[in-house]
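Here the structure comes first, spelled out in structure tokens, and everything after it is commentary.
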Amino acid sequence: MSIAIIGGLDRLRRSYEKECRNRGFDASVFSQRIPNMARRMNGVQRILIFTGTVAHPMVTEAVRVGKEQNIPVERCHSSGISALKRCLSSLS
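Just so it is clear: in the sequence shown, position 18 is 509 by the working numbering, and no numbers are missing.
Below, the structure is given as structure tokens:
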């Protein structure tokens with residue numbers, strides 16, 4: 492399953508990707524706003540938003556993409572690895 496992680500900490504990017512790989516997910520991490528983020532999220536099956544460490548425009552864009560493409564959006568306040576594990580266990 493392919494997921495997009497919106498927000499989080501830059502220094503934990505590799506840890507997010509590693510934990511997702513260990514649980515059988517293919518992750519794309521967007522910790523900062525980038526041009527054409529909506530187009531780069533094409534093909535994901537879930538969107539996970541770390542609400543504590545993300546800019547409001549990124550949340551707005553991610554939710555809009557989720558609605559347009561019928562992608563479920565999960566929200567998690569904390570952006571640590573243990574919070575990611577909890578969110579991933581609820582997805583599977």
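For glycine and all other residues, C-beta sits at the position ideal for the given N, C-alpha and C. Given the structure is predicted, the values throughout are model-derived calculations rather than measurements.
Fill in: Backbone CA spacing between V556 and I538 [nearest angstrom]
9 Å
Worksheet item: Hey, E508 and I572: beta-carbon distance below 8 Å or not?
Response: No, the Cβ-Cβ distance between E508 and I572 is not below 8 Å.
Discussion item. DSSP has I497 in a bridge; who is on the other side?
Written reply: F521, I540
Worksheet item: In this structure, does DSSP put R504 in helix, strand or coil?
Response: helix
Discussion item. Give me the residue from G534, G499, S506, S493 with the minimum Cα distance to E559.
Written reply: G534
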